[in-house]
Structures are given as C-alpha cells and as structure tokens.
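Residue numbers (our numbering): 6 to 471. All C-beta atoms in this analysis are idealised placements derived from N, C-alpha and C, irrespective of residue type, glycine included. Below: the structure, in structure tokens.
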Amino acid sequence: MSPAASAAIVDTSASYALVNRHSGRALDVYDLATGDGARIAQFTRNDGAWQQWQFVDSGGGYYRLKSRHSDKVLQISGGSTTDGAEVVQWTDSNATSQQFRLVDSASGHVRLLNRASGKAVETYEWSTADGARVVQWPDLDGANQQWQLIRLGAPGAVVNPVKRGGPDPWLQHHNGYYHLATTTWNSTVTMRRSRTLAGLSSAADQVVFSLSGRPNGCCTMWAPEFHLLNGRWYLYYVAGQNVPDFNPTQRLHVLESAGGDPMGPYSFKADLGNTWELDPSILQVGGKLYLLGSAMDGTQSLTITPMSNPYTLSGARRTISQPTLAWERQTAAVNEGAEPLHRNGKTMIVYSASACWGPDYKLGLLTLTGGDPLNRAHWTKSPNPVFQRDDANGVFAPGHNGFFKSPDGTEDWIVYHANESASGGCDMNRSARAQRFTWNADGTPNFGPPVRLGVQLPPPSGEPAS
6 MSPAASAAIV
16 DTSASYALVN
26 RHSGRALDVY
36 DLATGDGARI
46 AQFTRNDGAW
56 QQWQFVDSGG
66 GYYRLKSRHS
76 DKVLQISGGS
86 TTDGAEVVQW
96 TDSNATSQQF
106 RLVDSASGHV
116 RLLNRASGKA
126 VETYEWSTAD
136 GARVVQWPDL
146 DGANQQWQLI
156 RLGAPGAVVN
166 PVKRGGPDPW
176 LQHHNGYYHL
186 ATTTWNSTVT
196 MRRSRTLAGL
206 SSAADQVVFS
216 LSGRPNGCCT
226 MWAPEFHLLN
236 GRWYLYYVAG
246 QNVPDFNPTQ
256 RLHVLESAGG
266 DPMGPYSFKA
276 DLGNTWELDP
286 SILQVGGKLY
296 LLGSAMDGTQ
306 SLTITPMSNP
316 YTLSGARRTI
326 SQPTLAWERQ
336 TAAVNEGAEP
346 LHRNGKTMIV
356 YSASACWGPD
366 YKLGLLTLTG
376 GDPLNRAHWT
386 KSPNPVFQRD
396 DANGVFAPGH
406 NGFFKSPDGT
416 EDWIVYHANE
426 SASGGCDMNR
436 SARAQRFTWN
446 ADGTPNFGPP
456 VRLGVQLPPP
466 SGEPAS
C-alpha cells in the first residue's frame, strides 16, 4: 500500500480546486448539475462553486470530496470496481465507494485512491479536452492520475454577484467602506455598505431617501449615482410618476447630503430638466461640470449639458453619440449609461449600447479627442465594443457600469450588471458584479471578458485583513 500523502495538508474547513497535472484542467461537476449520478469531468479552471471541493473526514485516512455547488460527494458509479468506471456525484452516505485517500506523487501532486476499488481517479485516455470523462483506473502514478490541490477562499475573496437583484450598480470606496446603490424600481433610494467588497453581498440595504408622494418624480427609481462635489454628496437618479408608466414620465433629479457621509442624510435638491431623460452621471473636464444622460434624438442617444454647480443646468442639452454602428443596434438602437473614465490626461466615456432587454447589451467607448466636450465632433467612438456577452462564462447583457478604485488606489475596478441567461430581461433579476481591469498600451481600458458567477477573485488591494 502506498503511503498517505504528506504534500497535501488537508483542511476540512477549506475548499480546494483539484487541477490535473497532465491536462491542466480542474475537476468539475459537468454542466453545473445538481442531481445524483451527474458525471464529473475536467474543465478549464474557473474556481466556480462546481469546481470547489471540501474534504470530509471519513476516518482511517479517507475522505469524501463534497461539491460546494451541489452538496453531493464524489462516488465511483454504482460502487463499481472495474477499470474505466465513471466518477459521478451522489448524495453523501459515507459508502466506501465515496471514500478516497491521498497518495503522494512528484512535485507536490497527489493521487486519489478509492477505498472500495483501490483504483486511482484519472482523466480518461489522457484527454486534455474540456468535458473529458473522469474515471477510475489501476494506480500507475501517471500524470493523468496526479492532481494539484489548490486551496481557495483566501480571506476577502470576491465571488460575484456582489448583489443579486442589483441592476444599474454604482459603487464607491470612501472612508474605509464600499458603498453600493442600485435600481430599486420603487419609491426608495437605498444603499448598502461594507468594509470589504465581498461583504457587500450580505450587507443590508438601507433607505437613504424616500420619494413617496413627490409630484416631480417617484415610484420608479433607477440608475442612482452619488458623487462627492465641493464636500457634499450629490445623489443623481431617474424617477417617474408610477410603475407601469416608465416611458414618458422618467426625469432626472438630484439629492444633496447634509455632510460628508455617502449614506446621508439627504434632502431633495433639484429637478434636472423637464423632458424624458435617463441615466445621469457627472463629467468633470477642465474644472467644469457637465451632466451626462440619455435622451431621444431620433434614437436613444448620449447627451451632455453644462452645469454651473452640481444641481443647476447652465446651457442647452446636446447629443454626443447616437447608435449608428451595428453592434449598438441589436434588439433595439440604444446609447445610454454614459460613465466617465480618466487616465493620464485622457478623458473617456464608457457607455451601454443596444437594448437592455436583449442578450447583447454591451459597453462601447468614446474618447475626447478635441478640447470641447460639448462638441460632438470632439468625441471619437471606438469601432468595436469593449465589453460584451460571454456565452462560455454564462454572462449575458453586461452593461450599465461604474468604476471605483481599490482602497489603496493602485487598482481599477469595474462594476456592472448582467444576466445569467440569454433570455434574461431588463428587470430586477439582473445582478451586480465587479472585477478588476487593466489598461492597453494606447491608454484605453482592457476589461477582459466578464467573469463567470462563482469565480473567486482576489480582493481589491489594500482591503483590511478579515
């Protein structure tokens, strides 16, 4: 009998990814199944819950491997002792066919030997493909039988979504806390806060202002954003006069804080215009303020209006972008959700394009290439989207974003909402998600693909130890 593994010190309270030495792919509950008998496969590592395994002590040096996704354990199908029998998941009964011990291999890898059969868990026929079968076979110590145990769940690890039912998210880190506001689709403006980004998912929403009974906008609050300007927080939002009547009555409004706390208290400050307009944000260029929005100009387009202060418009509204490209016109022609982004003297706007009720809602990029942000000709549109659906990761309609810095100011993060299926709508089922992004050599953002739900991300740099 081979000696027990010394390379892997198993913590039964932790979660592990098991990565095959030969293929580099992780042990995975195939197709995110939750039922008894579902097959176990190998798949590109993404650290989703379907690739997270907890070792449950069975005594005598044996463990069951429990899926964090399904709560079921690995088992040799039917309790078989034959070569090539599949590894499946099954309800935990502590049967010997569900028990495995760890045996050392080279370079810190281990083999998993089944108690009932004495055989090792391997990727079948040395496959390197996603979805390849995982079976048992006589213990040959081949690379396809060797697994690296990678402990997951480092303190503060971020797992999306950061808020379920959180469309149109806006997130800022201020005074030691992350603050998150999202669409409520009712008469309240709410916010939640947490010392860690991961903690937002379980933080309580607090009402920071009630719109109930307001004649100039209530009932359908969406797209809140709060900006620190001149020592106070100004909270911009969209609201209409009743829930079904969202199209003709939606207007932009702003609240003002009494002090320096993003949580308020707030008082109503001003209406911003008297025509249909959505998705307010604030652009600051050359010491001047501008209100960004989305209004009808033949099609739903991006708008800009000069401001004399955070609550007063001081000039005519102008259009700076219309949905002219094919990828901006999927399901419906839309430009909305304009969000400023600045880096090394470059001013950009990341905006949402195509219909939010379709799976191809996505992000585009405008760059200020002239000196006047009110002049449409001074904005240059990137010909391709910069962030869009990723079917392989199960992310659809990613859009309506915001940006925030890590606590130590060294990292850039994007927050956005997305759906879990192509049939998801433009409703409260959209979830708020966050991920770090980097920069291209030309100074434009590189958001990468939207990450799959359940993937564990390192926390933003500078977070307090948990």
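Decide if residue i is buried, meaning its Cβ has at least 16 other Cβ atoms within 10 Å, or exposed.
i, result
"D41", "exposed"
"N406", "buried"
"A382", "exposed"
"V126", "buried"
"H347", "exposed"
"A10", "Below a pLDDT of 50, predicted positions are generally treated as unreliable, and A10, at 49, falls in that range; the measurement from the model is reported next regardless. A10 comes out buried."
"D62", "exposed"
"M196", "buried"
"G320", "exposed"
"R156", "exposed"
"L462", "buried"
"L4", "Outside the shown range of the chain (6 to 471) lies residue 4, about which nothing can therefore be said."
"D284", "buried"
"A331", "exposed"
"S206", "buried"
Return the first residue and the last residue of the beta strand (DSSP E) that residue i is part of.
i, result
"T254", "First-last for T254: F251 to T254, but that is the alpha helix (DSSP H), not the beta strand (DSSP E)."
"C224", "C223 to L234"
"S357", "K351 to A358"
"Q59", "W58 to G64"
"P403", "F401 to K410"
"T385", "W384 to K386"
"G40", "No beta strand (DSSP E) contains G40, which DSSP labels as neither H nor E."
"V108", "F105 to D109"
"S20", "S20 to N25"
"K274", "Y271 to D276"
"V339", "It is not in any beta strand (DSSP E) - V339 carries neither H nor E in the DSSP assignment."
"Q141", "V139 to W142"
"E127", "A125 to T128"
For the ligand GDP, I want to know if residue i counts as a neighbour, meaning its beta carbon is within less than 7 Å of at least one of the ligand's heavy atoms.
i, result
"S306", "This structure lacks the ligand GDP, and indeed carries no ligand of any kind."
Would you list the residues sitting across from residue i in a DSSP beta bridge?
i, result
"M301", "Q305"
"G245", "C223 and C224"
"R5", "This structure cannot settle anything about residue 5, because the visible part of the chain is limited to 6 through 471."
"W444", "P450"
"I81", "V92"
"N119", "F105"
"N314", "T317"
"K367", "A358"
"E416", "BP columns for E416 are empty, so no partner."
"L296", "I287 and T310"
"H1", "In the structure displayed, the chain extends from 6 to 471; residue 1 sits before or after that span and is not available."
"E261", "Y239 and S272"
"N424", "F401"
Give the C-beta separation of residue i and residue j to the nearest angstrom, bearing in mind that I take them to be a contact with Cβ-Cβ under 8 Å.
i, j, result
"W227", "V248", "Actually they do not touch by this definition, with Cβ atoms about 11 Å apart."
"G171", "S436", "6 Å"
"R169", "G181", "About 25 Å separates the two Cβ atoms, so there is no contact after all."
"D173", "H422", "6 Å"
"L216", "P229", "Between P229 and L216 the Cβ distance is about 11 Å, and since that is not below 8 Å, they are no contact."
- Query: Does the stretch 371-384 touch the stretch 425-438, meaning 3 or more C-beta pairs lie closer than 8 Å?
  - Reply: Not touching, per the Cβ criterion.
- Stretch-stretch touch, CB-based, cutoff 8 Å, three pairs: the stretch 93-102 with the stretch 29-48: Yes: at least three Cβ pairs fall under 8 Å.
- Indicate whether the contact test is met: 3 or more Cβ pairs, each with one atom in the stretch 159-175 and one in the stretch 70-84, closer than 8 Å. no
- Touch test, the stretch 336-346 against the stretch 271-290, Cβ-Cβ under 8 Å, three pairs minimum: Yes, the stretch 336-346 touches the stretch 271-290.
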